[in-house]
Structure formats: structure tokens, C-alpha cells
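Asks: Sharing a structure here in C-alpha cells format.
Protein chains: 2
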Amino acid sequence: MSENVGRWLRDEIENSILSNEFSPGERLDEMVLATRFGVSRTPVREALMQLDAIGLIEIRPRRGAIVIDPGPHRVYEMFEVMAELEGLAGSLAARRLDKASREAITATHSRCEQSAAAGDSDAYYYDNEEFHKAIYAAGRSEFLEEQCVQLHRRLRPYRRLQLRVRNRLSTSFSEHCAIVDAIFAGDGDEARRLLRMHVGIQGERFSDLVASMAVR
Amino acid sequence: MSENVGRWLRDEIENSILSNEFSPGERLDEMVLATRFGVSRTPVREALMQLDAIGLIEIRPRRGAIVIDPGPHRVYEMFEVMAELEGLAGSLAARRLDKASREAITATHSRCEQSAAAGDSDAYYYDNEEFHKAIYAAGRSEFLEEQCVQLHRRLRPYRRLQLRVRNRLSTSFSEHCAIVDAIFAGDGDEARRLLRMHVGIQGERFSDLVASMAVR
DNA sequence: GTCAATGATCGTGTATACAAGAAGTGCTAT
DNA sequence: ATAGCACTTCTTGTATACACGATCATTGAC
Chain A
1 MSENVGRWLR
11 DEIENSILSN
21 EFSPGERLDE
31 MVLATRFGVS
41 RTPVREALMQ
51 LDAIGLIEIR
61 PRRGAIVIDP
71 GPHRVYEMFE
81 VMAELEGLAG
91 SLAARRLDKA
101 SREAITATHS
111 RCEQSAAAGD
121 SDAYYYDNEE
131 FHKAIYAAGR
141 SEFLEEQCVQ
151 LHRRLRPYRR
161 LQLRVRNRLS
171 TSFSEHCAIV
181 DAIFAGDGDE
191 ARRLLRMHVG
201 IQGERFSDLV
211 ASMAVR
Chain B
1 MSENVGRWLR
11 DEIENSILSN
21 EFSPGERLDE
31 MVLATRFGVS
41 RTPVREALMQ
51 LDAIGLIEIR
61 PRRGAIVIDP
71 GPHRVYEMFE
81 VMAELEGLAG
91 SLAARRLDKA
101 SREAITATHS
111 RCEQSAAAGD
121 SDAYYYDNEE
131 FHKAIYAAGR
141 SEFLEEQCVQ
151 LHRRLRPYRR
161 LQLRVRNRLS
171 TSFSEHCAIV
181 DAIFAGDGDE
191 ARRLLRMHVG
201 IQGERFSDLV
211 ASMAVR
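If you read the sequences in order, they're chains A and B. Going letter by letter, the first sequence gives residues 1 to 216 in UniProt numbering. Going letter by letter, the second sequence gives residues 1 to 216 in UniProt numbering.
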């Protein structure tokens, strides 16, 4: 419980949204949240204002807060931006790679290999996250890293859905291999290109996304 | 006065920070702000929480809010990300250009030409902003546009400083010309490359930035 | 029977009160 | 004279109270 209640609540509610416990479009009643977490309305309001500022919810004046529903098209746009930022991170990583980052990438990469081989999509989902974070960190740009982590968080639910698609695990892992090769070879342009392809959702992957979002 | 006081205050304080009325490192006293704007502490706190979530200020538990001082290196990183996003916007604009967007770009571009010819750096500063916004809009990606506008806002003070550098006006405008040509020619890759160069601050432009930040 | 208007109820927006912690100041002791 | 400790004061964090606006339901009229 992070020192101050407002911030703790923000993380708590944010997680609830990102794990789909509060679904898009759902109304967030201040009083309900307050009693649920055993605090007064004040810190709840502060948490909601922050989530509004981040763009996770929308507070309509005098009409309460609702969880934002991005819709397939907007989610596509978010992946598009994510792809671009990851591409940049990859190209920076290739240029600036040092021993520690190299080891971090290798470690997370091999963990991905294991969970992919085991066909464990939940484990892969987690290891994949760590792998990408290792690349952000290797880019040595704090601001870029923050932006990547933030967007990555917001796209988490959709990424999870995507991993359920048949063969996506092994495809994803082989893409990882090529990315690691490019970064370790110091080939920034290639790393950028591969990451853009890996993260972006072109063609059939977009229709997979739409389909998985529809069943929700 | 945007319907609700908290949101109005957020914009107000945000502008004050971005126009350097509150300088980096400065402590923002809730009570002082409250009396200054003639409201109670509650909406002030809500505004501050939002600015904290956006990353403009930092609220340290029980020790108040201070304006974040990015420092030259971090500002450089922000420009680096901005360059990447603008590059994406440019490449999308080249692909998706329609009549309305084309006219918007042409209009803002020629306004830049006039203020550049007049050597009016303040006017150019404004027209330049509109020109870039026209490109974001032409990309037809709402999310990307929002991200660009937000980052653009945060980098405003530094961009303004940059325009004061000798010859920057005419250099900037000739870069604009090439960018417009690439977009109108439908050459997405070239538009991306040119915008990355235009927005990023490599080499001597970085030292110019550091120098201009030091005198503050 | 349907639509509109008015009133009741519920929930948000702002203010204020109270509690707890941090920083600064003054006093005392070495 | 200086360092350390305690006390005071100031500011933030949380709760609560009150007011205003929105929504919904009920009633009346066409």
C-alpha cells in the first residue's frame, strides 16, 4: 500500500481495468469504489482524475466516470504507434548494447523459448513482456522506455488475446530470434524493421484482433 | 472556464508551467494556488494529481508538488521520440492524403513561408505548430495525433528557444518544403526520413539546446 | 396510448474541517 | 560555540458536509 491511498487506488483501479474486471463502457461509481476499498470518496476521486489524465477512463462533468472503450480501430492505431516506438527502442539497443543489457535480453529470450516449447501461452505472455522490456531498457532512453512500458501496459489485454491464436507462439518466438540476432549484430535498421513487423498488426492479425474483441 | 473548475485549473497550471511562469524545480503550494485562483484546495489538488499523472510535475508524499526539471538529456530523448512519431505521421499522411488535408498542409505551409520571409520568429513559431498539426491530422490516426499533440505541447518551450538560433528559420522552412514535396508525392519513406531529421536534434543543434537551457 | 413536463432522488463538484507528518526554529547541554 | 533534541508551525492527506445538476419515474394532458 504505496504510502498514500490515492496512488494505491490508482494502481488498483488501473489493474482492475486492464485485467478486464471493469469492462469498457462500465460506469465507475465513486461511492461504490470508496466503500469497496474502505476509504472515503476523496482519494477515489483523485485516483479517477489521474486515470482520466492518462486516458484510461473518461470523466464527463456531473455524469461520472466510464471506462473508455477504444474499439478495434483505435486499438489498431495504438499498436501502430507501439510498433514505431519499439522499432526505435530496438535500433537504439543495437547501437548502444552493453554487457548487462545483452545478458538481460539473452536471459528473457531463452525463457520465452522454454515457454513457447511448452506451449504455455500464459507463461509466454509473461516472459514475452519481460523480453520486450529488456529491449526497451537496452535502448538507454529513459523517456522512450517509460512511453513503451506505459503503452505496453495499456495494450496488455489485447496482446493476451492475440497469443491465443493458433501458432502465434512459435511464430512470435521465431520473430524474437531474428530480432535478437539483429540487435546483437549491431544492425539498428534491421532491428527496427523486424520489431515494427513483430509488434504491428497487419493483415490477418488485425482481423484476429477484431474477432477476439467481438466475443468479449 | 471549462464547465468544471478542476479541469480548468489543470489547463491553467499546465500553461503556466509550459510558458515557464512556474520554473522547473519550483514548489507548487496548494494553498497559494487556491487563493490565487479564488477556489478551495480541492480542485487545485485534483489538477495537480492530473499533472502528476501526465508527468509535468511530481508529487512527493507529504512534501508537496514540484515542477519537473527534465534536464537537457531527457529533453533530447523526448525530441528523439517526437521525431519518430512525426516520422510515422508523415508516412501515413503520404499514404492517406486527401483533398482537405492537402489544402490544410498547403495553407499552413505558405503561412510559414511568409513569417519566415519576414524573419518573425514568434509568428513562425505559431505557424510552424499549425503546419505540424496539419501533418498529424493528415495521418488519420487519432491516437497518433493525440500523442503527437501532447508531446508537441510539452516540448514547446524548448522548440521556441531553438527558433532563436541564427538561420534556423530559413533552414526550418526549406526542410518543410522537402517534407511537403515528399508527402504530396506519396513517398511515405522519404517523408518519414525527412521529418525524423527535421524534428530530431542531432549534432550542433543539441549543443544549441543545452546552451539555451543553461541561460534560463 | 403516447409524449411531455415536473418533481424526487441519486451522484458528482466544491468547500471545509480535522488529523498526521515534515521542516524549521529555538533552547539546552556539552 | 556548536550540535542535538524537542516543540511549534505549516502543509499535506483524508473525511465529511453541503449544493447543484442530471437522470429517472410518475402524472397529467392531448
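Positions of the beta carbon are idealized from the N, C-alpha and C atoms, including for glycine.
Cutting at 6 angstroms between CB atoms, please list the residues of its own chain near isoleucine 13/B, excluding the five before and the five after it.
Replies: Only Ala47 meet the Cβ criterion.
Asks: Applying a beta-carbon distance threshold of less than 7 angstroms, which residues of chain B neighbour alanine 53/A?
Replies: Near alanine 53/A (Cβ distances below 7 angstroms), the residues of chain B are Gln50, Ala53 and Ile54.
Asks: Since glutamate 80/B contacts serine 141/A with CB under 8 angstroms, what's their CB separation in whole angstroms?
Replies: Indeed they touch by this definition, with Cβ atoms about 6 angstroms apart.
Asks: Does chain A have any CB closer than 9 angstroms to the CB of methionine 1/B?
Replies: Low per-residue confidence applies at methionine 1/B: pLDDT is 49, beneath 50, and the placement is therefore not dependable enough to give any value.
Asks: Among residues of its own chain, excluding the 5 on either side of tyrosine 136/B, which ones have a beta-carbon nearer than 6 angstroms to its beta-carbon?
Replies: The answer, listed in chain order, is Ala89, Glu145 and Cys148.
Asks: By alpha-carbon positions, which one of Ser174/A, Ile105/A and Asp127/A ends up nearest to serine 115/A?
Replies: Nearest option by C-alpha distance: Asp127/A.
Asks: Rounding to the nearest angstrom, what Cα-Cα distance links phenylalanine 37/B and glutamate 58/B in this structure?
Replies: Roughly 21 angstroms between the two C-alpha positions.
Asks: Between arginine 60/B and the rest of its own chain, which residues show a CB-CB distance below 6 angstroms, the 5 nearest in sequence each way excluded?
Replies: Answer for arginine 60/B: no residue qualifies.
Asks: Let me see if you follow: with CB-CB separation under 9 angstroms, is leucine 97/B close to chain A or not?
Replies: Not closer than 9 angstroms to any Cβ of chain A, the Cβ of leucine 97/B fails to qualify, so no.
Asks: Quick check: what's the CA-CA separation for proline 72/A versus arginine 205/A?
Replies: Proline 72/A and arginine 205/A: Cα-Cα distance of roughly 12 angstroms.
Asks: Does DSSP put isoleucine 68/B in a helix, in a strand, or in coil?
Replies: Note: isoleucine 68/B maps to coil in three-state DSSP.
Asks: Taking only runs that begin and end inside the stretch 156-189 of chain A, name each unbroken alpha helix (DSSP H) of 4 or more residues, in chain order.
Replies: Correct list: 168-184.
Asks: Quick test of the definition: if touching needs 3 or more C-beta pairs under 8 angstroms, does the stretch 10-29 of chain A touch the stretch 39-54 of chain A?
Replies: Counting Cβ pairs under 8 angstroms, three or more are found: they touch.
Asks: Here's the rule: buried if 16 or more other CB atoms are within 10 angstroms of the residue's CB, otherwise exposed. What is arginine 154/A?
Replies: Buried, by the Cβ-count rule.
Asks: Anything in chain A within Cβ reach of methionine 197/B, meaning under 7 angstroms, just list it in chain order.
Replies: Ordered by position in chain A, no residue passes the 7 angstroms Cβ test against methionine 197/B, which lies about 14 angstroms from the chain.
Asks: Can you check whether the CB of methionine 197/B is closer than 9 angstroms to the CB of alanine 83/B?
Replies: Cβ distance < 9 angstroms, so alanine 83/B and methionine 197/B count as in contact.
Asks: So the candidates are Ala178/B, Ser207/B, Ala104/B and His152/B; which of them puts its Cα closest to the Cα of leucine 195/B?
Replies: The option with the nearest alpha carbon to leucine 195/B is Ala178/B.
Asks: Which residues, in chain order, does the UniProt domain "HTH gntR-type" (3-70) of chain B contribute to contact with chain A at a C-beta distance below 9 angstroms?
Replies: From the UniProt domain "HTH gntR-type" (3-70) of chain B, only Glu3, Asn4, Gly6, Arg7, Arg10, Thr42, Arg45, Glu46, Ala47, Met49, Gln50, Leu51, Asp52, Ala53, Ile54, Gly55, Ile59, Pro61, Arg62 and Pro70 have a Cβ closer than 9 angstroms to chain A.
Asks: At 4 residues or longer, what runs of the alpha helix (DSSP H) sit wholly inside the UniProt domain "HTH gntR-type" (3-70) of chain B?
Replies: Listed in chain order, they are 5-18, 30-37 and 41-54.
Asks: Distance check for isoleucine 54/A and glutamine 202/B, CA to CA, integer angstroms please.
Replies: Distance between the alpha carbons of glutamine 202/B and isoleucine 54/A is about 30 angstroms.
Asks: Report yes if the C-beta distance between alanine 94/A and glycine 186/A is below 9 angstroms; otherwise report no.
Replies: Going by C-beta atoms, alanine 94/A is nearer than 9 angstroms to glycine 186/A.
Asks: For glutamate 80/B, return the contacting residues in chain A, with the cut-off set at a CB-CB distance below 9 angstroms.
Replies: Residues of chain A passing the Cβ test: Leu88, Leu92, Ser141, Phe143 and Leu144.
Asks: Considering serine 207/B, what are the terminal residues of the alpha helix (DSSP H) in which it resides?
Replies: It spans 204-214 - the alpha helix (DSSP H) in which serine 207/B sits, taken as one unbroken run.
Asks: Using a Cβ cut-off of 9 angstroms (strictly closer), state whether residue 225/A contacts chain B.
Replies: Residue numbering for chain A in the displayed model covers 1 to 216; residue 225/A lies beyond these limits and cannot be assessed.
Asks: By Cβ distance, which residues of its chain are closer than 7 angstroms to alanine 182/B, with the 5 residues on each side in sequence left out?
Replies: Counting only Cβ-Cβ distances below 7 angstroms, and skipping sequence neighbours, we find Ala94, Glu190, Ala191 and Leu194.
Asks: Between which residues of its own chain and glutamate 26/A is the CB-CB distance below 7 angstroms, once the five residues before and five after are set aside?
Replies: Around glutamate 26/A: Ile66 and Val67.
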